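Colleague: Encoded as structure tokens, here's the structure I'll be asking about.
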Amino acid sequence: MDDVSITSGDYPCIEVTKASRTFVVLSGTNTLTDGRTYGYGYGEDYETTSSNYVSSGEDTKGTLYSKGQLLFSGSGSLTVNTAYKHCIYSKDYIRVFEGTITTENTGRNAIQSVNGFIMDGGTITMTGSGSNTDNESRGIVVEGAEDDSYCGEGFIIINGGTITGTTVSKGLTAKWDVDEDAETTDTSDDPYPYVKINGGTISLTTTGTPKDDYTASNVTDADGVTASSATVNLSPEGIEGKEGVFITAGTITLTTTDDCINASSTSSQVNISGGTIYTFSSDNDAIDSNGTLTISGGTIVAITTTSPECAFDCDDNTFAVTGGLIVGMGTANYSEPTANACTQNTVVMAANYAPAGGSMAVCTGSGTPVFAFTVPSLDDVASDSSTNTYDVLIFSSPELSSGTKYTVYKNTTVSGGDTFHGLYLSPTGRSGGTASGAFTASSTVTTVGSVSNGGAQEGNHP
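Take the sequence shown: its position 192, counting from 1, is numbered 223 in my numbering, and each next residue is one higher.
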């Protein structure tokens, strides 16, 4: 594609009907504009025609559609606009090596495939403002499918590049769910829906209001089929892998109205071994696993202030901290780190030791800070602080030593080193403020102050 501009009628701009690889090489500035509108008939039971075009509706799901694999490269750009279904769709997998891709969508999703999405480089910018009930716009979606040829697929892998997105619903989702999507009891052909991030820069914002089993009337799909009444859900999570989310590297910023990171199967896991991660949820958990949660590395700031949600949530399953520099700010309904699974000292501290709106520091007897964080005020992290609370700070650092007595200072001034969303990476000193208390790291998990743990709430958003 070299300075191509295509505007379609009641059909895709580009349609590849053969189940083979399609190499999309971008040069110059390219634009695809879909002429279709959400709520009219172009779907799988609808024959679309123009003077030179006849197609069954199965091939009309995307403005750029391929029955086979789509592989993007080149130094040019591609902008895709649609008010119908998906900007880019493949019935197999999509891989982005390089190029600049921009999607602008008031229909359904930015990029969707069946078997997988892999990104090695390039830039993707997504704007999804479609608010059609039960079909709100998502970012990158991998469906997954029961198929012997593709067993274990249905994944999203990010190795590099830059992804920026603002969507009503989920930002990245590997969505196949055995309870909702399985058509047989045979598991040998099931996909394995996970998200793995090995690098790159990801910044995602979701804007929708979460809904669980909400009864809506006159729900219309993209092809104009209307149900007089339907039970709908909306879970605007940042990154979702039904069976797992694995992060080894990269810079990730998630600002969401639902869970920022979510693994929703009871057999799932969230495993973070590296990367620089900021998560803020205004209405749910920051990092949520319905299975286990393991942190062995990386730099993590996780914030939520809406009761009963919490910074780290894995229900009553194992929460292991074995490395990394982490801090979580949330309510008392938190998942406590599992003492016999943790090998790095972790502290659960009551909010009165480190009030919101000021800096806190944990110092040795000589006054050297081993951990420091500027606790954001409730006004900083939410538009309506009256509906938000902060009860507990959970933090862990390789600098915390067993058997050592530490003094906690609140409303202090911390010096030295860079910061990441208020978390000091290598603090060297402090001055001023007040000593709010002291503790000895007597075990791998130490509770400081009066902390009433209400227990993390089970996450069951779809």
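Cβ atoms here follow ideal geometry from the backbone N, Cα and C, with glycine treated the same way.
Here the structure is a predicted model, which means the values were calculated and not measured.
1. Please classify N364 as buried or exposed, where buried requires at least 16 other C-beta atoms within 10 Å of its C-beta.
2. Nearest CA to the CA of K116: which residue from I303, G138, E211 and N302?
3. How is A342 classed by DSSP in three states: helix, strand or coil?
4. May I have the straight-line CA-CA distance separating G355 from G191, to the nearest angstrom?
5. T246: which of A261, T240, L63 and T195 sits nearest, CA to CA?
6. I believe A385 touches V445 by the beta-carbon criterion, under 8 Å. Please report the beta-carbon distance rounded to the nearest angstrom.
7. Is it true that the CB of G272 sits closer than 8 Å to the CB of A205?
8. Classify V173: buried if its beta carbon has 16 or more other beta carbons within 10 angstroms, exposed otherwise.
9. Quick one: grab the DSSP three-state call for E184.
10. Could you give the C-beta distance for A381 and V479, rounded to a whole number, given that I count them as a contact under 8 Å?
11. Looking at the structure shown, is A21 part of a helix, part of a strand, or coil, going by DSSP?
12. Once DSSP output is grouped into helix, strand and coil, what is the label at N371?
13. Count the C-beta pairs between the stretch 169–184 and the stretch 214–228 that are closer than 8 Å, then say yes if the count reaches three, no if not.
14. Going by other Cβ atoms of all chains shown within 10 Å of its Cβ, with 16 needed for buried, is K122 buried or exposed?
15. Buried or exposed: where does E46 fall if 16 or more other Cβ atoms within 10 Å of its Cβ makes it buried?
16. For M150, which residues of its own chain have a beta-carbon under 8 Å away from its beta-carbon, when the five flanking residues on both sides are left out?
17. CB of S408 to nearest heavy atom of the ligand FAD: below 7 Å?
18. Are there three or more Cβ pairs, one per stretch, closer than 8 Å when the stretch 270–285 is compared with the stretch 418–437?
19. Would you list, in sequence order, the uninterrupted beta strand (DSSP E) runs of no fewer than 3 residues that lie entirely inside the stretch 103–162?
20. Please name the residue in Y124, S180, G447 and V111 whose C-alpha comes closest to that of T64.
21. Beta carbon of Y455, beta carbon of G464: below 8 Å?
22. Could you check which residue in V145, T197, E274 and T48 has the C-alpha nearest to that of T287?
Modeller: Taking the geometry as given:
1. buried
2. G138
3. coil
4. 22 Å
5. A261
6. Not confirmed; about 12 Å, so no contact.
7. yes
8. buried
9. coil
10. 7 Å
11. Nothing about residue 21 can be read from this structure; the chain reaches only from 32 to 493.
12. helix
13. yes
14. buried
15. buried
16. R126, V127, I188, I189, N190, G191, G192, I194 and G231
17. Looking at this structure, you won't find the ligand FAD or any other ligand, since it has none at all.
18. no
19. 108–114, 117–121, 124–127, 131–136, 140–144, 147–150 and 154–159
20. V111
21. no
22. T197
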